[in-house]
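Peer 1: So for the sequence shown, our numbering puts the first residue at 3; every next one is plus one. Ideal Cβ placement from N, Cα and C applies to all residues, glycine included. Here the structure is a predicted model, which is why all the values come from computation and not from measurement. Pasting a structure below so you can have a look.
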Amino acid sequence: MKLENPSRREFIKHSSALIGGLVIAFHLPEKGFAAVRSDKVYPPNAFIRIAKDDSITIVVNKSEMGQGVYTSLPMLICEELEADWNRVSVESAPVAPVYNHTVLGMQLTGGSSSIPSSWEQLRRVGAAARIMLTRAAAEKWGVPESECKAEEGFVIHAGSGRKMSYGELAEEASSLPLPHDVRLKDRKDFKLIGKPVKRLDTPEKVNGTAQFGLDVYLPGIPTVLVARSPVFGGRIKRFDASDAKAVPGVEGIYQIPTGVAVAASGFWPAKTARDLLKIEWEEGEGGRLSTEKMRSDYAALARTKGMVARKDGDAEKALQKAYKSVSAEYEVPYLAHAAMEPLNVVVDLKPGRCAIWTGTQLQTMDRNTAAKILGLEPDQVEVHTMFLGGGFGRRANPHSDFVAEAAHVAKAVGGPVKVVWTREDDMKGGYYRPMWSDHIVAAISEDGKPVSWRHVIVGQSIIAGTMFESKMIKNGVDMTSVEGAATMPYLIPNLEVDLHSPVEVVPVQWWRSVGHSHTAFVVETMVDELAALAGRDPVAYRLEILPGDSRYRGVLQLAAEKAGWGKTIPGRSLGIAVHKSFESYVAEVAEVSVLDGKIRVHRVVAAVDCGLVVNPEGVRSQLESAIVFGLSAALHGEITLENGRVNQSNFNDYRPLRLSEMPEIEVHILNSGHPPTGIGEPGTPPIGPAVANAVFSLTGKRLRKMPLQNLA
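Written out as structure tokens, the structure reads:
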């Protein structure tokens, strides 16, 4: 099946074969949604299929990795479609322009943008389909369309009470032209949006029928493990595979650009053989890397002027006249994505075509990369997006590293393969959240208000060398490196944020909440220091230096109120942080104790303003998930290098939060009249500084380096 720009006839034929019924079939625009403005009608057939039995299949163009898009996105369509929610099922979209991100022009899932980018698009899809079904019923009955209404999967004639189901009307509706006047519901008329809805993907994940990438098996294909360089940028000098070839089940050993691939009849023979390979590596400069040296170098660089990301007033001059000042150095380490499901790719390579099964967040780029390696056109490569057992950005690699490697393996083998990474493979040789060093000098006037703030950030660019560089690096500043720092909301008349982007061979990429994952820690702990310097309450101080109309204020006050801010808790203390990322505002209060030098987080109270909420249950789940993810990193997360080698290997020495450490979490949603914004990542940034600020409140000790557990 040719997936790029499918013809109307092809789409009907293949869709009907899949569901055993009729589809609402409308013309697909040749250039996809990239050519369709928001005031035009979106073609429903790419997203909706209606069978004779009235079942409705929603095709979702985002990856489901636990964030709930297989529920929230269908809710947008079904709200306007007036569908029976109990008859809705979901499947993942193929790669085609019609499924491109409405802003970014390619098929991807990331940046907490699934709901914001689809908010109007998918509601228009549902509304267009509803109009066509209603018109089909009106024509069938010979009555004015205005006398008919859609409700719960039926079209009803008000005058006679006659009704027909969507399944009965699908064929007639398929022959009607697209409506050009699609009016969307007023928010007050929503029946589904804004209501807590159970996730559609839960039953199959509970009963074991859900298919993740690791679950895909094609009969007779080999499982492949790759021996990669133990240091970043290393190259093979020579290798001896004689012992490996003697392992029963080994089918072939191949040198590929990233290392040596071992193909075998199963995972264990492939791994056993890989461990027996004798490889001599040319390590290059990567073999000399050490965390200690980088810490020293970065700290020194942070004390020098960098590329200016923001400059208001004159921070240096204001500092000289200030009443009191504070200087602080910060350090956060490299972090792994550490997804529960290890990376894996199945490539079914046949003459003139290829099919790929994997959990990916970057379908278009992965498909195009594989096609180029295999000497195929993009429309000769099908990508089947499976459930992702965690993504956190790792499966949206801008170089398509794990898919590219699998394509090279398939090319070397000359046929279908299943490439599997162990968790150790990715932990020791994957991509990481950059290591950062920061230096801030800030000062207050006699009335306690901040008058000077100079912040220097040092860390690798995740955008340099990618296709996004021309758009996201301006005047030498990677916007993802300074987000949350250069965009801080506080009223400081003299403020400067500088950036150094040292080049290292350690591969880096986005990690859940991206630059905000470190800037929130630095900014919000320093604001807390200024509050202490001014002798103010941390909440009151933030409210004092925030603009009067700021949306930060609402979540800050709500979180403080719900946490019982100001109350004395024997042996414990509260810390607060507030941060905006992906256009959503989150404040978090951490209730903390310290015993024998160990931090224990007992309770986290979060308040969020993410605009109009589609599914409150989804918002709560995402905030809880993001808090646990961020707390794991804040307390324990650390990737360190010695002689160019990563010291950590798995969950034993790269610790996620243990069940015994799990705090009680409360999530409070501040409903605002704003459009919906991102929710998958904004809960992560505030938790680290909230914990650090609580430790200061309890012990008087400032924690300026992560992981915090090493310093308490």
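Roughly how many whole angstroms lie between the Cα atoms of A324 and D480?
Peer 2: Along the sequence shown, one-based indexing puts residue 324 at 322. Along the sequence shown, one-based indexing puts residue 480 at 478. Going by the C-alpha atoms only, they are around 31 Å apart.
Peer 1: Could you tell me which whole beta strand (DSSP E) segments of length 3 or greater appear in the segment 459-504?
Peer 2: Listed in chain order, the complete beta strand (DSSP E) runs (minimum 3 residues) inside the segment 459-504 are 497-502.
Peer 1: Compute the distance between the beta-carbons of A444 and S454, then report whether it is under 9 Å.
Peer 2: Taking the sequence shown and counting its residues from 1, one reaches residue 444 at position 442. Taking the sequence shown and counting its residues from 1, one reaches residue 454 at position 452. In contact: A444 and S454 (Cβ atoms closer than 9 Å).
Peer 1: Taking the continuous alpha helix (DSSP H) assigned at Q559, which residues delimit it?
Peer 2: As a working mapping, residue 559 is identified with position 557 in the sequence shown. Taken as a continuous stretch (DSSP letters only), the alpha helix (DSSP H) holding Q559 covers 554-565.
Peer 1: Distance check for N346 and S583, CA to CA, integer angstroms please.
Peer 2: Position 581 of the sequence shown holds residue 583. Position 344 of the sequence shown holds residue 346. Taking the straight line from one Cα to the other gives about 30 Å.
Peer 1: From L535 to G113, what does the alpha carbon distance come to, in whole angstroms?
Peer 2: Mapped onto the sequence shown, residue 535 falls at position 533. Mapped onto the sequence shown, residue 113 falls at position 111. C-alpha separation (whole angstroms): 36 Å.
Peer 1: How would you label N399, buried or exposed, when you count the other beta carbons within 10 angstroms and need 16 or more for buried?
Peer 2: Counted from its first residue, the sequence shown places residue 399 at position 397. That one is buried.
Peer 1: Within 10 Å of its beta-carbon, does G377 have 16 or more other beta-carbons around it, so buried, or fewer, so exposed?
Peer 2: Locating residue 377 in the sequence shown gives position 375, counting from the first residue. Label assigned to G377: exposed.
Peer 1: Quick check on K190: does DSSP put it in helix, strand or coil?
Peer 2: Along the sequence shown, read from residue 1 onward, the residue named residue 190 stands at position 188. Three-state DSSP puts K190 in a helix.
Peer 1: Taking the Cβ atom as the reference point for each residue, do L560 and L545 lie within a distance shorter than 9 Å?
Peer 2: Within the sequence shown, numbered from 1, the residue matching residue 560 stands at position 558. Within the sequence shown, numbered from 1, the residue matching residue 545 stands at position 543. Contact flag unset, no.
Peer 1: Whole angstroms are fine: how far does the CA of C356 sit from the CA of V38?
Peer 2: Along the sequence shown, one-based indexing puts residue 38 at 36. Along the sequence shown, one-based indexing puts residue 356 at 354. The pLDDT assigned to V38 is 33, lower than 50, so where the model puts this residue is not dependable; a value taken from the coordinates is nonetheless given after this. Between V38 and C356, the C-alpha separation is close to 30 Å.
Peer 1: Which runs of the alpha helix (DSSP H) spanning at least 4 residues fall entirely within the segment 208-261, listed in chain order?
Peer 2: Qualifying alpha helix (DSSP H) stretches, in chain order: 244-247.
Peer 1: Take H386 and list the residues in its own chain whose beta-carbon comes closer than 6 Å to its own, dropping the five residues that flank it on each side.
Peer 2: What you label residue 386 is simply residue 384 of the sequence shown in a count that begins at 1. For H386, where only same-chain residues beyond five positions count, the Cβ hits under 6 Å are W359.
Peer 1: So, with DSSP's three-state summary, where would you put S439?
Peer 2: Taking the sequence shown and counting its residues from 1, one reaches residue 439 at position 437. DSSP places S439 in strand when its eight states are reduced to three.
Peer 1: Can you say whether V157 is buried or exposed, counting buried as having 16 or more other CB atoms within 10 angstroms of its CB?
Peer 2: In the sequence shown, residue 157 corresponds to position 155, counting from 1. Per the 10 Å Cβ criterion, buried.
Peer 1: Name the two residues that bound the continuous beta strand (DSSP E) containing H520.
Peer 2: For the purposes of this step, residue 520 is taken as residue 518 along the sequence shown, with counting starting at 1. Note, H520: premise wrong, no beta strand (DSSP E); alpha helix (DSSP H) at 518-536.
Peer 1: With C-beta atoms as the reference, is P572 less than 9 Å away from L493?
Peer 2: By 1-based counting over the sequence shown, the position of residue 572 is 570. By 1-based counting over the sequence shown, the position of residue 493 is 491. Cβ distance not < 9 Å, so P572 and L493 don't count as in contact.
Peer 1: Between the C-alpha atoms of L278 and V262, what's the straight-line distance to the nearest angstrom?
Peer 2: Residue numbering aside, residue 278 sits at position 276 when the sequence shown is read from its first letter. Residue numbering aside, residue 262 sits at position 260 when the sequence shown is read from its first letter. Going from the Cα of L278 to the Cα of V262 covers about 12 Å.
Peer 1: So is K64 buried or exposed if we call it buried at 16+ other beta carbons inside 10 Å?
Peer 2: Counted from its first residue, the sequence shown places residue 64 at position 62. So K64 ends up on the buried side.
Peer 1: Among L351, M664, G431, A696, which has the Cα closest to the Cα of G288?
Peer 2: Numbered from its first residue, the sequence shown carries residue 288 at position 286. Ranking the options by Cα distance to G288, first place goes to G431.
Peer 1: Taking only three categories from DSSP, how would you classify F653?
Peer 2: Position 651 of the sequence shown, counting from 1, holds the residue named residue 653. Three-state DSSP puts F653 in coil, outside helix and strand.
Peer 1: So does S162 have its beta carbon nearer than 8 Å to some heavy atom of the ligand NAD?
Peer 2: This structure simply doesn't include the ligand NAD, nor any ligand for that matter.
Peer 1: Who are the Cβ neighbours of A696 in its own chain at under 6 Å, not counting the five residues just before and after it?
Peer 2: Working through the sequence shown from its first residue, we reach residue 696 at position 694. Excluding sequence neighbours, A696 sits near S575, L576, G577, A592, V594.
Peer 1: Using the DSSP secondary-structure output, state which residues sit across from N346 in a beta bridge.
Peer 2: To locate residue 346, count along the sequence shown from 1; it is residue 344. Partner(s): V422.
Peer 1: Rounding to the nearest angstrom, what Cα-Cα distance links H457 and A320 in this structure?
Peer 2: Here residue 457 refers to the residue found at position 455 of the sequence shown. Here residue 320 refers to the residue found at position 318 of the sequence shown. Distance between the alpha carbons of H457 and A320: 14 Å.
Peer 1: Taking just the CA atoms, how far does G254 sit from A275?
Peer 2: What you label residue 275 is simply residue 273 of the sequence shown in a count that begins at 1. What you label residue 254 is simply residue 252 of the sequence shown in a count that begins at 1. About 10 Å.
Peer 1: Could you tell me whether the segment 511-522 touches the segment 609-623, using the rule of 3 or more Cβ pairs below 8 Å?
Peer 2: In short, these stretches do not touch, since the Cβ pair count stays below three.
Peer 1: What's the gap between the Cα of D242 and the Cα of A248?
Peer 2: What you label residue 242 is simply residue 240 of the sequence shown in a count that begins at 1. What you label residue 248 is simply residue 246 of the sequence shown in a count that begins at 1. Taking the straight line from one Cα to the other gives about 12 Å.
Peer 1: With DSSP as the reference, label C80 as helix, strand or coil.
Peer 2: Counting from 1 along the sequence shown, the entry for residue 80 is found at position 78. Note: C80 maps to helix in three-state DSSP.
Peer 1: So is V505 buried or exposed if we call it buried at 16+ other beta carbons inside 10 Å?
Peer 2: As a working mapping, residue 505 is identified with position 503 in the sequence shown. Exposed: under 16 other Cβ atoms inside 10 Å.
Peer 1: Using the DSSP secondary-structure output, state which residues sit across from V606 in a beta bridge.
Peer 2: Along the sequence shown, one-based indexing puts residue 606 at 604. BP columns for V606 point to A592, I667.
Peer 1: DSSP puts D314 in a beta bridge; with which residues?
Peer 2: By one-based count along the sequence shown, residue 314 stands at place 312. Answer is L497.
Peer 1: Throw me the rounded Cβ distance for the L110 and T371 pair, which I believe falls under 8 Å.
Peer 2: If you number the sequence shown from 1, residue 110 lands on position 108. If you number the sequence shown from 1, residue 371 lands on position 369. Actually they are not in contact, since the Cβ atoms of L110 and T371 sit about 13 Å apart, beyond 8 Å.
Peer 1: When you compare the CB positions of V348 and V228, do they come within less than 9 Å of one another, or not?
Peer 2: As a working mapping, residue 348 is identified with position 346 in the sequence shown. As a working mapping, residue 228 is identified with position 226 in the sequence shown. Contact flag unset, no.
Peer 1: Just list the residues that DSSP pairs F404 with in beta bridges.
Peer 2: Mapped onto the sequence shown, residue 404 falls at position 402. None, per the DSSP bridge assignment.
Peer 1: Tell me where the beta strand (DSSP E) around V61 begins and ends.
Peer 2: Numbered from 1 along the sequence shown, position 59 holds the residue referred to as residue 61. First-last of the beta strand (DSSP E) with V61: 58-62.
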